[in-house]
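Input: a single structure, listed below in structure tokens.
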Amino acid sequence: MVQVVALCDVDSNALGTAGKRHPDAKTFADYRRMFEAMGNNIDAVIISTPDHTHAPASIMAMEMNKPVYCQKPLTHHVSEVRAVRKMAADRNLVTQMG
């Protein structure tokens, strides 16, 4: 069973719609604030942000030892791919891109 505990979107309309579907989830407009506030309550993270934030959000989640499912593209630069791969390997985290 999946329990959605937090939602994040800069689009307040989309966040409102998602919030209605998951009324018990806390909502945020900034994923960094969400991770700060909810990090201990999150078991895994799904990244579906604008493309340029995929790598930073994934790395931040993995720094908190969270498994990550990230929409593609995973990154924009080879250096980001290497950082994501190293973080996942070093922390033995399950990751997936789809």
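Read in order, the letters of the sequence shown are residues 316 to 413 in the working numbering. Note that beta-carbon positions come from the ideal geometry of N, C-alpha and C, so glycine has one too.
Given this structure, state the Cα-to-Cα distance separating residue 402 from residue 393, to the nearest angstrom.
Translated into the one-based positions of the sequence shown, residue 402 becomes position 87. Translated into the one-based positions of the sequence shown, residue 393 becomes position 78. Spanning the two alpha carbons is a distance of roughly 14 Å.
Is residue 353 closer than 7 Å to residue 385 when the C-beta atoms are compared?
If you number the sequence shown from 1, residue 385 lands on position 70. If you number the sequence shown from 1, residue 353 lands on position 38. Contact: no.
Closest to residue 318 by C-alpha separation, out of 365, 341, 390, would be which residue?
Mapped onto the sequence shown, residue 318 falls at position 3. For residue 318, the nearest C-alpha among the options comes from 341.
Report the residue from 398, 348, 377, 339 whose alpha carbon sits nearest the alpha carbon of residue 323.
Here residue 323 is taken as the residue at index 8 of the sequence shown, counted from 1. The residue among 398, 348, 377, 339 with its C-alpha nearest the C-alpha of residue 323 is 348.
Since residue 369 contacts residue 361 with CB under 8 Å, what's their CB separation in whole angstroms?
Taking the sequence shown and counting its residues from 1, the one referred to as residue 369 is at position 54. Taking the sequence shown and counting its residues from 1, the one referred to as residue 361 is at position 46. Not confirmed; about 11 Å, so no contact.
Within 10 angstroms of its Cβ, does residue 381 collect 16 or more other Cβ (buried), or is it exposed?
Start at 1 with the first residue of the sequence shown, and residue 381 comes out as number 66. Label assigned to residue 381: buried.
Is the Cβ-Cβ distance between residue 343 and residue 375 less than 7 Å?
Here the question's residue 343 lines up with position 28 in the sequence shown. Here the question's residue 375 lines up with position 60 in the sequence shown. With contacts defined by Cβ atoms closer than 7 Å, residue 343 and residue 375 do not form a contacting pair.
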